[in-house]
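Undergrad: Residue numbers (the numbering used here): 1 to 478.
Think of the CB as a built atom: it goes at the ideal place given N, C-alpha and C, for glycine as much as any other residue.
Quantities reported herein were computed from a predicted structural model and do not represent experimental measurements.
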Amino acid sequence: MPTNQSIPEQLNIFQYSSYQSIPPGKLAWITIKAKQQGKDPKMVHAGIKAKMSRKNYKPTSSAKTTRKRTTKKQQSIYEQLNLSDYKSYDSIPPAKRAWITIKAKREGKDPDKVHSQIAKKMGGSKKVGKKVSKKKVSKGVGKKKKKIKIDGCPSLIISTDKDIDNWSFKNGITRSLAFKKKGLAEFAVNVGPKCDNNCLYCFSGSMLFRHRSFKEFKRDPHAFGYAIVDPEISIKVAKDATRKRWDGARGLIELSTYSDAWCPSARKLDLGRKCLKAVLENDPKWTIRVLTKNHEVEKDFDIIKKYRKRVSVSLTVTSPVNKSKIMQVVEQNASPVKERIRVLKKAHRMGLRTYMMLCPLLPSIADGPKQIDWYIQLAEEVGAEEVFAEAVNSRGETFPLVFKEFAKKGYKNEAKAIKALMDDDIHSEYTLRLVKNVQKSMRKYSNIRKLRFLLYSNKLLSEHLKEIQKDDAGIKWL
Ligand code: SF4
1 MPTNQSIPEQ LNIFQYSSYQ SIPPGKLAWI TIKAKQQGKD PKMVHAGIKA
51 KMSRKNYKPT SSAKTTRKRT TKKQQSIYEQ LNLSDYKSYD SIPPAKRAWI
101 TIKAKREGKD PDKVHSQIAK KMGGSKKVGK KVSKKKVSKG VGKKKKKIKI
151 DGCPSLIIST DKDIDNWSFK NGITRSLAFK KKGLAEFAVN VGPKCDNNCL
201 YCFSGSMLFR HRSFKEFKRD PHAFGYAIVD PEISIKVAKD ATRKRWDGAR
251 GLIELSTYSD AWCPSARKLD LGRKCLKAVL ENDPKWTIRV LTKNHEVEKD
301 FDIIKKYRKR VSVSLTVTSP VNKSKIMQVV EQNASPVKER IRVLKKAHRM
351 GLRTYMMLCP LLPSIADGPK QIDWYIQLAE EVGAEEVFAE AVNSRGETFP
401 LVFKEFAKKG YKNEAKAIKA LMDDDIHSEY TLRLVKNVQK SMRKYSNIRK
451 LRFLLYSNKL LSEHLKEIQK DDAGIKWL
């Protein structure tokens, strides 16, 4: 461990041209390193920010351009990720291992091979890249099972059952730091790690991809057309709802964070309803935020009504009604937007609490000023207590499928506008436009205090960031 170096030196931070251009993973590492060294992370970040914003600041010669990071290619993955900081391969944290896989893929290398080479170099005892045969797993009834960790998701225990699409979670309720940061919820209940609404922009595949245990089962985490659910999830949720876990802490649960509790597979087993009951009937201190893209949630409005004060409902609205058919191209098994709106209105008529979730707002489909005005008026009409909005993530593995599918179905203009978001500068412009449109409509038709625009500052060009910082009412900086 190079203790004689400062944290920025250890992490090669001054290769970046500004604090905003430091990648999120690197920022997280500054925090981790500061904590490891008993320093206040806030102070360390502030020190770096101050140094990088000085007029005479110049990035180190190793990489003057942060966007292209050309010189990084000359370094091995081992060097790029500072793996010499670790004693052995086994001591590399899972998040860092995931980065090895990502980097290897980006550089067109075989991730398994790269992991093996690194383990060999570090003298790790772990057998990297070793495939676990399905036979071994399916035989594992009553034996030790494999775990996968995902934020807001309990460890996954690979099912011993013949059908690989049924998985067993270790816990029912888990903390979700990512959703807490977004102000959405502190806890999460998920009916499974993969839902079959088949939204082509879905990010859950990237989360599964990071878990080597999942990879061993040779299922493509980014593929669509299959779901993974835990048929017994509600039993575990009920158990967790009454347990003294987290020192008895209770709070807001999101149902769900990376799957839909009313997606076709979950519906067959009635998992959404069962989970609602498991939480609401067990401890009155729990509250729930329901988020779905399926109209069938209306069948469970009776329970929600019974516990009205403790539940807030939303059906994600991803386009205006006249574009409902277009969105069906990329949200293949979700209910048509028209249906979602009908159910949202019904929820309001029944006196249920509602909120609005506007994401993704795709360019040329849902991001124009008129469309945003329509959304916000709808939010008012359904009595939304809060309005969440977010720019679409164009860096997801499956994002190209979105514009390819639109192009295939003849929606050429939409495909072109969405494809353009792959360019970081265009994405930044689109985000700025979106923020301004949403703020304007909120001020005109609603109350800006209800707005929660989730925004990553490091994805913006500095001039756009400054523009938003001048008026960041309703922005939740991430
Ligand atoms: S509903 Fe959510 S979790 Fe399910 S496929 Fe769509 S984006 Fe993914």
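Assign lysine 478 to one of three DSSP states: helix, strand, or coil.
TA: In the sequence shown, the residue the question calls residue 478 occupies position 478. Residue identity check: residue 478 is leucine in the sequence provided, not lysine. Residue state, collapsed to three classes: coil.
Undergrad: Just to check my reading of the structure: alanine 223 and cysteine 263 have Cβ atoms closer than 8 Å, yes? What is that Cβ distance to the nearest angstrom?
TA: Position 223 of the sequence shown, counted from the start, is the residue given in the question as residue 223. Position 263 of the sequence shown, counted from the start, is the residue given in the question as residue 263. Alanine 223 to cysteine 263, Cβ: 15 Å. No contact.
Undergrad: Specify the secondary structure class of arginine 289 as computed by DSSP and reduced to three states.
TA: Residue numbering aside, residue 289 sits at position 289 when the sequence shown is read from its first letter. The answer is strand: DSSP assigns arginine 289 an E or B state.
Undergrad: Is it the case that the Cβ atoms of asparagine 333 and aspartate 196 are separated by a distance below 7 Å?
TA: Taking the first residue of the sequence shown as position 1, residue 333 is located at position 333. Taking the first residue of the sequence shown as position 1, residue 196 is located at position 196. Contact flag set, yes.
Undergrad: So for glutamate 107, helix, strand or coil by DSSP?
TA: One-based indexing of the sequence shown puts residue 107 at position 107. Coil.
Undergrad: Decide if glycine 474 is buried, meaning its Cβ has at least 16 other Cβ atoms within 10 Å, or exposed.
TA: Translated into the one-based positions of the sequence shown, residue 474 becomes position 474. So glycine 474 counts as buried.
Undergrad: Compare the C-beta of alanine 334 against all C-beta atoms of chain D and say whether one is closer than 7 Å.
TA: Absent from the structure: chain D. Only one protein chain is present.
Undergrad: From the DSSP output, in three-state form, read off serine 234 for me.
TA: Here residue 234 refers to the residue found at position 234 of the sequence shown. Three-state DSSP puts serine 234 in a helix.
Undergrad: Please state if the CB of isoleucine 288 and the CB of valine 496 are separated by a distance shorter than 7 Å.
TA: Limits of the chain in this structure are 1 at one end and 478 at the other, which puts residue 496 out of reach.
Undergrad: Quick check: is any heavy atom of the ligand SF4 less than 6 Å from the C-beta of lysine 293?
TA: As a first step, residue 293 must be located in the sequence shown, where it is residue number 293. Result yes, Cβ under 6 Å from the ligand SF4.
Undergrad: Assuming proline 363 and tyrosine 430 make a contact with CB atoms under 8 Å, what is their CB distance in whole Å?
TA: In the sequence shown, counting from the first residue as 1, residue 363 sits at position 363. In the sequence shown, counting from the first residue as 1, residue 430 sits at position 430. Sure, about 6 Å apart at Cβ, within 8 Å.
Undergrad: So, are the CB atoms of cysteine 275 and valine 337 less than 7 Å apart?
TA: Position 275 of the sequence shown, counted from the start, is the residue given in the question as residue 275. Position 337 of the sequence shown, counted from the start, is the residue given in the question as residue 337. No, the Cβ-Cβ distance between cysteine 275 and valine 337 is not below 7 Å.
Undergrad: Using three-state DSSP, classify isoleucine 22 as helix, strand or coil.
TA: The residue given as residue 22 occupies position 22 in the sequence shown. If DSSP states are grouped into helix, strand and coil, isoleucine 22 belongs with coil.
Undergrad: Classify methionine 207 as helix, strand or coil using the three-state DSSP reduction.
TA: Residue 207 sits at position 207 when you count from the first residue of the sequence shown. DSSP places methionine 207 in helix when its eight states are reduced to three.
Undergrad: Could you say which of Ser265, Tyr355 and Ile235 lies nearest to valine 290 if we only look at CA atoms?
TA: Counting from 1 along the sequence shown, the entry for residue 290 is found at position 290. The shortest C-alpha separation from valine 290 is found at Tyr355.
Undergrad: For glutamine 469, count neighbouring C-beta atoms within 10 Å of its own C-beta (all shown protein chains included) and say buried if the count is 16 or more, exposed if not.
TA: In the sequence shown, residue 469 corresponds to position 469, counting from 1. Exposed, by the Cβ-count rule.
Undergrad: Return the Cβ separation of alanine 241 and isoleucine 304 in integer angstroms, given the expectation that the two are a contact with Cβ distance under 8 Å.
TA: Start at 1 with the first residue of the sequence shown, and residue 241 comes out as number 241. Start at 1 with the first residue of the sequence shown, and residue 304 comes out as number 304. Not quite, the Cβ-Cβ distance comes to about 16 Å (not below 8 Å), so this is no contact.
Undergrad: Just checking, does the stretch 440–453 make contact with the stretch 383–397 on the three C-beta pairs under 8 Å criterion?
TA: When C-beta atoms of the stretch 440–453 are compared with those of the stretch 383–397, three or more pairs fall below 8 Å, so the two segments count as touching.
Undergrad: Here's a check: name, in chain order, each residue in its chain whose Cβ is nearer than 7 Å to the Cβ of threonine 3, leaving out the five neighbours to either side.
TA: Numbered from 1 along the sequence shown, position 3 holds the residue referred to as residue 3. With a pLDDT of 43 at threonine 3, under the threshold of 50, the predicted position of this residue should be treated as unreliable, though the coordinate-derived value follows. So the list is empty, once near-sequence residues are dropped.
Undergrad: So what's methionine 122 in DSSP terms, helix, strand or just coil?
TA: Position 122 of the sequence shown, counting from 1, holds the residue named residue 122. Reduced to three states, the DSSP call for methionine 122 is helix.
Undergrad: I'd like to know if the stretch 174–193 and the stretch 250–270 are in contact, where contact means that at least 3 CB-CB pairs between them fall below 8 Å.
TA: yes
Undergrad: Which whole-angstrom value describes the C-beta separation of arginine 250 and aspartate 283, a residue pair presumed to lie in contact below a C-beta threshold of 8 Å?
TA: Position 250 of the sequence shown, counting from 1, holds the residue named residue 250. Position 283 of the sequence shown, counting from 1, holds the residue named residue 283. Arginine 250 to aspartate 283, Cβ: 6 Å. Contact.
Undergrad: So does valine 359 have its beta carbon nearer than 6 Å to some heavy atom of the ligand SF4?
TA: By one-based count along the sequence shown, residue 359 stands at place 359. It should be noted that the sequence gives cysteine, not valine, for residue 359. No - the ligand SF4 has no heavy atom lying nearer than 6 Å to the Cβ of cysteine 359.
Undergrad: Three or more C-beta pairs closer than 8 Å, one from the stretch 425–440 and one from the stretch 368–375: is that the case here?
TA: yes
Undergrad: Could you compute how far the alpha carbon of asparagine 458 sits from the alpha carbon of lysine 306?
TA: Counting from 1 along the sequence shown, the entry for residue 458 is found at position 458. Counting from 1 along the sequence shown, the entry for residue 306 is found at position 306. When rounded, the separation of the alpha-carbon atoms in asparagine 458 and lysine 306 is 43 Å.
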